[in-house]
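Chemist:
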Amino acid sequence: MEALESLLHGFGVLLTFHNMLLMLVGICLGILVGVLPGLGGPNGVAILLPLTFTMDPTSAIVLLSCIYWGALFGGAITSILFNIPGEAWSVATTFDGYPMAQKGQAAEALTAAFTASFFGSIAAVMLITFLAPWIATFALRFGPPEFFAVYLLTFCTFVGLGKESRHKIVISLALGFLLAAVGMDTVSGELRMTFGSVELLRGFDFLVAVIGLFGISEILLAMEEHLAFKGQEAKIRLSVVWRTWLTLPRYWLTLLRSSAIGCWLGVTPGGAIAASFMGYNLAKRFSRDGANFGKGKIEGVLAPETAAHAAGTAALLPMLALGIPGSGTAAVLLGGLMVWGLQPGPLLFVEQKDFVWGLIASMYLGNIAGLIIVLATVPLFASVLRVPFATIAPMIIVSCAIGAFAVQNAMFDIWLMLGFGVVGYLFKKTGIPLAPMTLALVLGDKAEDAFRQSMIGLDGGLGIFWSNKLVGTITTLALMMLFWPLIGKAIDMVRGSGRGVPAGSESSRA
Amino acid sequence: MLKSFVAKRTALMAACVTACLGATALSPAMAAWQPTKPVEIIVPAGAGGASDQMARMMQAAIQNNKLSPTPIVVTLKGGANGGEGLMDMLGSAGDPYKMVISNSAIYTLPLANKLPFDWRKLTPVSILAFDNFVLWVNAEAPYKTTQDFVEAVKKEPAGAFKLGGTGSKREDHILAATVERIAGVKFSYIPYKSGGEAATQLVGDHIKVNVNNPSENVAVWRAGQVRALCVFDTEPMNYPAKVTADQSWKDIPTCKSQGIDFQWIMLRGVFLPSGVTPDQVAFYQDLLGKLVETPEFKDYLEKQALKPSDLKGPEMVKFLEKDEALYRDLMTQAGFVATN
Chain H
1 MEALESLLHG FGVLLTFHNM LLMLVGICLG ILVGVLPGLG GPNGVAILLP
51 LTFTMDPTSA IVLLSCIYWG ALFGGAITSI LFNIPGEAWS VATTFDGYPM
101 AQKGQAAEAL TAAFTASFFG SIAAVMLITF LAPWIATFAL RFGPPEFFAV
151 YLLTFCTFVG LGKESRHKIV ISLALGFLLA AVGMDTVSGE LRMTFGSVEL
201 LRGFDFLVAV IGLFGISEIL LAMEEHLAFK GQEAKIRLSV VWRTWLTLPR
251 YWLTLLRSSA IGCWLGVTPG GAIAASFMGY NLAKRFSRDG ANFGKGKIEG
301 VLAPETAAHA AGTAALLPML ALGIPGSGTA AVLLGGLMVW GLQPGPLLFV
351 EQKDFVWGLI ASMYLGNIAG LIIVLATVPL FASVLRVPFA TIAPMIIVSC
401 AIGAFAVQNA MFDIWLMLGF GVVGYLFKKT GIPLAPMTLA LVLGDKAEDA
451 FRQSMIGLDG GLGIFWSNKL VGTITTLALM MLFWPLIGKA IDMVRGSGRG
501 VPAGSESSRA
Chain P
511 MLKSFVAKRT ALMAACVTAC LGATALSPAM AAWQPTKPVE IIVPAGAGGA
561 SDQMARMMQA AIQNNKLSPT PIVVTLKGGA NGGEGLMDML GSAGDPYKMV
611 ISNSAIYTLP LANKLPFDWR KLTPVSILAF DNFVLWVNAE APYKTTQDFV
661 EAVKKEPAGA FKLGGTGSKR EDHILAATVE RIAGVKFSYI PYKSGGEAAT
711 QLVGDHIKVN VNNPSENVAV WRAGQVRALC VFDTEPMNYP AKVTADQSWK
761 DIPTCKSQGI DFQWIMLRGV FLPSGVTPDQ VAFYQDLLGK LVETPEFKDY
811 LEKQALKPSD LKGPEMVKFL EKDEALYRDL MTQAGFVATN
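Just so you know, the sequences run in chain order H and P.
Numbered by our numbering, the letters in the first sequence go through residues 1 to 510 in order.
Numbered by our numbering, the letters in the second sequence go through residues 511 to 850 in order.
1) Would the beta-carbon of residue 70 (chain H) fall within 9 Å of that of residue 33 (chain H)?
2) Kindly list the residues whose CB is nearer than 6 Å to the CB of residue 41 (chain H), restricted to its own chain and excluding five residues on each side of it in sequence; keep chain order.
3) Among the residues of its own chain, which have a CB less than 8 Å from the CB of residue 472 (chain H), if the five just before and after it don't count?
4) In this structure, does DSSP put residue 177 (chain H) in helix, strand or coil?
5) So, residue 575 (chain P) versus residue 812 (chain P), is the Cβ gap smaller than 9 Å?
6) Which residue or residues does DSSP assign as beta-bridge partners of residue 184 (chain H)?
7) So residue 266 (chain H) and residue 260 (chain H) are in contact, right, with Cβ under 8 Å, and what is the actual spacing, rounded?
8) Report yes if the C-beta distance between residue 258 (chain H) and residue 275 (chain H) is below 9 Å; otherwise report no.
9) Using a cut-off of 8 Å between C-beta atoms, extract the partners of residue 331 (chain H) located in chain P.
10) Since residue 416 (chain H) sits in a beta bridge, which residues does DSSP pair it with?
11) Using beta carbons (cut-off 9 Å, strictly below), is residue 513 (chain H) in contact with chain P?
12) I believe residue 685 (chain P) touches residue 742 (chain P) by the beta-carbon criterion, under 8 Å. Please report the beta-carbon distance rounded to the nearest angstrom.
13) According to DSSP, residue 737 (chain P) sits in a beta bridge with which residue or residues?
14) Given a threshold of 16 other Cβ atoms within 10 Å of its Cβ, counted over all protein chains shown, does residue 819 (chain P) qualify as buried or as exposed?
15) For residue 585 (chain P), go through chain H and note every residue whose CB falls closer than 8 Å to its CB, in chain order.
16) Does DSSP put residue 574 (chain P) in a helix, in a strand, or in coil?
17) Determine whether the Cβ of residue 87 (chain H) lies closer than 9 Å to any Cβ atom of chain P.
18) Just to confirm before moving on: does the CB-CB distance between residue 719 (chain P) and residue 697 (chain P) stay below 9 Å?
19) Hey, is the stretch 648 to 658 of chain P in contact with the stretch 625 to 636 of chain P, meaning 3+ C-beta pairs nearer than 8 Å?
20) Could you spell out the range, first to last residue, of the beta strand (DSSP E) harbouring residue 313 (chain H)?
21) Counting only Cβ pairs nearer than 7 Å, list the residues of chain P close to residue 202 (chain H).
22) What is the DSSP secondary structure of residue 568 (chain P), counted as helix, strand or coil?
23) With C-beta atoms as the reference, is residue 556 (chain P) less than 9 Å away from residue 704 (chain P)?
24) Could you say which of H:436, H:461, H:407 lies nearest to residue 587 (chain P) if we only look at CA atoms?
25) Which residue spans inside the stretch 376 to 400 of chain H form an unbroken alpha helix (DSSP H) run of at least 4?
26) Since residue 699 (chain P) and residue 675 (chain P) should fall inside the 8 Å C-beta cutoff, what is the C-beta to C-beta distance between them, to a whole number of angstroms?
27) Taking one C-beta from the stretch 603 to 611 of chain P and one from the stretch 778 to 787 of chain P each time, how about it: are there three or more such pairs within less than 8 Å?
28) Which residue comes first and which comes last in the beta strand (DSSP E) that contains residue 551 (chain P)?
29) If distances are taken between C-alpha atoms only, which option among H:5, H:331, H:81 comes closest to residue 102 (chain H)?
30) Of all the options P:618, P:646, P:569, P:547, which has the alpha carbon lying nearest to the alpha carbon of residue 841 (chain P)?
31) Distance, Cα to Cα, residue 745 (chain P) vs residue 468 (chain H)?
32) When you compare only the Cα positions, how much space is there between residue 22 (chain H) and residue 264 (chain H)?
33) Please confirm whether residue 713 (chain P) has its beta-carbon closer than 9 Å to some beta-carbon of chain H.
34) Spell out whether any CB of chain P is found under 9 Å from the CB atom of residue 324 (chain H).
35) Listed in chain order, which residues of the stretch 606 to 640 of chain P have Cβ atoms closer than 8 Å to some Cβ of chain H?
36) Can you tell me whether DSSP reads residue 641 (chain P) as helix, strand or coil?
Okay, here's the thing in structure tokens:
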């Protein structure tokens, strides 16, 4: 119960008027940067970092981490309303969130997304509160083979459980890997596929790709379809929030599963993006109504949001306990810690109790405050849909362009974003899914590095992926996921069930 | 919008005033150049790394002590191991509002990757500090001294010991290759994305040894998870205050005294683009001169166990020439120089 005592101490540190005010300011700013595509958590935190140099560390981290929570909440808003993810980890939220909005259930989708975010986050904070030292030790067991196994699992889940045809998923993944390979190769120390171009030196930033692939392509499609130049009619009252909440308890298993996935991938640097996809795919797999995913099921909003928020929160733990940032925002916060005179690492929890427990307490309060604020804004955001699309579209494009520019302050990225927009449009037209490409772009070079690092040394060989229980389990699980359609077919055949035949004929393409 | 317009106008006026004063050949002190818009520190590295931390510290120290009339902003350009930031500086000739914090990537990138970069095309301002390299092993390992360690490596088949470091064909890799040559051993070098990663991988026993900078390993050292065997310098680091329960930086013996006679330090220096005026260089040399006197900077040096430096102007150029020759020599011997 030492953790509880420390936590109460943390609340004591936190509950001053000054800190509470900073918290509210942080959350509102965070929601704002989260809503604008591309202007995500890392940018928001980096912009405000200099303001915190003269603050005491606890107030500073409260302000900055609340921007992070706000951005996590805000990312879902445009995903649901316009099919344009405000953050890369909100991509999976578009799958069912947008169809829901199209059916006039925008408010329900928003409520579900926010509540799920809250749930995932609180799950991760509780994990940090009670199991921080244990998790820090667990994370140390991850060497290159373990990392590769985790990435493999993420990719295999996609191929094995995806709803599109397997070959299209693989095409999309392969293109993502190709793009991820551009730039400096960590293992050989060589430049690859930069063709002497200075702009290509930094490789393709996934944020720029996401903005283009999802945002710009959506606008291109809408223009082609001459669609929705009048706003949607939607009656929106705050009571929707309450009614949606009443339906949520029946999805408890999805919420718990996604929280677990999120916490796990946040601690091992798979990150919020991988977590959201994996949460979605597994929810679809295990749902009784999996076939209706993608057509506007509330479960399809709950699953990725819970996982993303849990991962985003859990990602702070390795940053604090090991000095290894689990996400882009965590990396910026890491720079801040040093300026405030703190040394992230195993001793931070021992030497800086005020700071660490103040931060953990702010995770609880920040998320509660964040939930209240975003829920109060549900009618406001949902009513944005009443504005004619022709009015909104130019604003979205400008916001996308600003976001793409802000990633690296590079004009080239705006052109790149437009290029990705065209690619996204063609993909949508040909039925090739965009999400696998995004995922491969985010994790591709990490997976490649981990694989090649595993191969260096005297024990380098494929056997290394089964060299201990941890890595062996993850690798086996990954292969099971990859061949899930075949395994499912085999199970059906053993049972002698006739229902397995149509499913089998489809999966034989795998 | 309005603000930047005003700033631009002020800049124009300032430029005019400077020019007029210059024409009438007044004393240089009166013609001193001052920035009239925010100054950008380019960090040719990723968020959270040593260069980023240095830039944030400079930003904080300059801002808190009001050393510059205009704000300082930090821009990360870490693509291609910093090549992105360096090429950006190359393309910013004449722009006195950009400075870059650089490390030895200014030598390794052109040599290993044929990046069309040459530090001679930038304007060296000053070297703020030098970073040391330390030979670290896991605290649970049986070997307690450098000699024991070298013996242990020799007993195993060549390449059985994994040495992890930042990147490939860069300072850690070059150092590893040189140690191999001097001590007559063979490691398997594992390139990671950052020194922080190399630190946790050592604690998790996924690698047997690393050659991290003090700042990259200090957290796990203090936690008693790693052991420092020796420092690659001619004399021990000059920080006698206890860092771990029983050791200070000064207590770490030099590798030379332990039988590996090799000095390897890395500059942390500031450059401006080419084509800036002597006035402008003087302003930054003065600014950085004041910066190194601030308590923030001194505290930072001690926390990161950096070696202070006051090299600037011709002395800095002389050092860079010598240092680059050393890099070229060692990289050629290790086979890291791009030939095609």
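Note that beta-carbon positions come from the ideal geometry of N, C-alpha and C, so glycine has one too.
Modeler: Per the coordinate set shown:
1) Residue 70 (chain H) sits at position 70 when you count from the first residue of the first sequence. Residue 33 (chain H) sits at position 33 when you count from the first residue of the first sequence. Yes, the Cβ-Cβ distance between residue 70 (chain H) and residue 33 (chain H) is below 9 Å.
2) The sequence position of residue 41 (chain H) within the first sequence is 41, counting from 1. Contacts found: 68, 71, 329.
3) The sequence position of residue 472 (chain H) within the first sequence is 472, counting from 1. Contacts found: 465, 466.
4) Position 177 of the first sequence, counting from 1, holds the residue named residue 177 (chain H). Correct three-state label for residue 177 (chain H): helix.
5) Taking the first residue of the second sequence as position 1, residue 575 (chain P) is located at position 65. Taking the first residue of the second sequence as position 1, residue 812 (chain P) is located at position 302. Going by beta carbons, residue 575 (chain P) and residue 812 (chain P) fall outside the 9 Å limit.
6) To locate residue 184 (chain H), count along the first sequence from 1; it is residue 184. In DSSP, residue 184 (chain H) forms a bridge with H:191.
7) As a position in the first sequence, residue 266 (chain H) is number 266, starting the count at 1. As a position in the first sequence, residue 260 (chain H) is number 260, starting the count at 1. Distance from residue 266 (chain H) to residue 260 (chain H) at the Cβ level is roughly 11 Å; contact not present, criterion being Cβ atoms closer than 8 Å.
8) For this step, residue 258 (chain H) is matched to residue 258 along the first sequence. For this step, residue 275 (chain H) is matched to residue 275 along the first sequence. Yes, they are a contact pair.
9) Numbered from 1 along the first sequence, position 331 holds the residue referred to as residue 331 (chain H). What residue 331 (chain H) touches in chain P: 556, 557, 558.
10) Translated into positions along the first sequence, residue 416 (chain H) becomes position 416. Note: residue 416 (chain H) sits in no beta bridge, so no partner.
11) In the structure displayed, chain H extends from 1 to 510; residue 513 (chain H) sits before or after that span and is not available.
12) In the second sequence, residue 685 (chain P) corresponds to position 175, counting from 1. In the second sequence, residue 742 (chain P) corresponds to position 232, counting from 1. With a Cβ gap of about 7 Å, residue 685 (chain P) and residue 742 (chain P) count as contacting.
13) Within the second sequence, residue 737 (chain P) is the residue found at index 227, counting from 1. Looking at the DSSP output, residue 737 (chain P) sits in a beta bridge with P:647.
14) On the second sequence, residue 819 (chain P) is found 309 positions in, with the first residue counted as 1. It is buried - the Cβ of residue 819 (chain P) has at least 16 other Cβ atoms within 10 Å.
15) The residue given as residue 585 (chain P) occupies position 75 in the second sequence. Chain H residues near residue 585 (chain P): 409.
16) Position 64 of the second sequence, counting from 1, holds the residue named residue 574 (chain P). Here residue 574 (chain P) sits in helix by DSSP.
17) Within the first sequence, residue 87 (chain H) is the residue found at index 87, counting from 1. Not closer than 9 Å to any Cβ of chain P, the Cβ of residue 87 (chain H) fails to qualify, so no.
18) Numbered from 1 along the second sequence, position 209 holds the residue referred to as residue 719 (chain P). Numbered from 1 along the second sequence, position 187 holds the residue referred to as residue 697 (chain P). Contact flag set, yes.
19) Pairwise C-beta distances place the stretch 648 to 658 of chain P out of contact with the stretch 625 to 636 of chain P, as fewer than three of them are shorter than 8 Å.
20) Along the first sequence, one-based indexing puts residue 313 (chain H) at 313. It is not in any beta strand (DSSP E) - residue 313 (chain H) instead sits in the alpha helix (DSSP H) that spans 298 to 314.
21) Stepping through the first sequence from its first residue, residue 202 (chain H) is reached at position 202. Within chain P, the residues near residue 202 (chain H) are 589, 590, 594.
22) Taking the first residue of the second sequence as position 1, residue 568 (chain P) is located at position 58. Residue state, collapsed to three classes: helix.
23) Counted from its first residue, the second sequence places residue 556 (chain P) at position 46. Counted from its first residue, the second sequence places residue 704 (chain P) at position 194. Yes, the pair counts as a contact, with Cβ atoms nearer than the cut-off.
24) The residue given as residue 587 (chain P) occupies position 77 in the second sequence. Residue 587 (chain P) has its Cα closest to that of H:407, out of H:436, H:461, H:407.
25) Within the stretch 376 to 400 of chain H, the complete alpha helix (DSSP H) runs of at least 4 residues are 378 to 382.
26) As a position in the second sequence, residue 699 (chain P) is number 189, starting the count at 1. As a position in the second sequence, residue 675 (chain P) is number 165, starting the count at 1. Contact flag correct, Cβ pair sits at about 7 Å.
27) Short answer: they touch.
28) On the second sequence, position 41 is the one that residue 551 (chain P) refers to. 549 to 553 is the extent of the beta strand (DSSP E) around residue 551 (chain P).
29) Counting from 1 along the first sequence, the entry for residue 102 (chain H) is found at position 102. Among H:5, H:331, H:81, the Cα nearest to that of residue 102 (chain H) belongs to H:81.
30) The residue you call residue 841 (chain P) lines up with position 331 of the second sequence. Considering only alpha carbons, the answer is P:618.
31) Reading the second sequence from its first residue, position 235 is the one you call residue 745 (chain P). Reading the first sequence from its first residue, position 468 is the one you call residue 468 (chain H). Their Cα atoms are separated by approximately 43 Å.
32) Position 22 of the first sequence, counted from the first residue, corresponds to residue 22 (chain H). Position 264 of the first sequence, counted from the first residue, corresponds to residue 264 (chain H). Looking at the two C-alpha atoms, the distance is approximately 30 Å.
33) Mapped onto the second sequence, residue 713 (chain P) falls at position 203. Closer than 9 Å: yes.
34) For this step, residue 324 (chain H) is matched to residue 324 along the first sequence. True, the Cβ-Cβ gap to chain P drops below 9 Å.
35) 622, 623, 625
36) Along the second sequence, one-based indexing puts residue 641 (chain P) at 131. Residue state, collapsed to three classes: strand.
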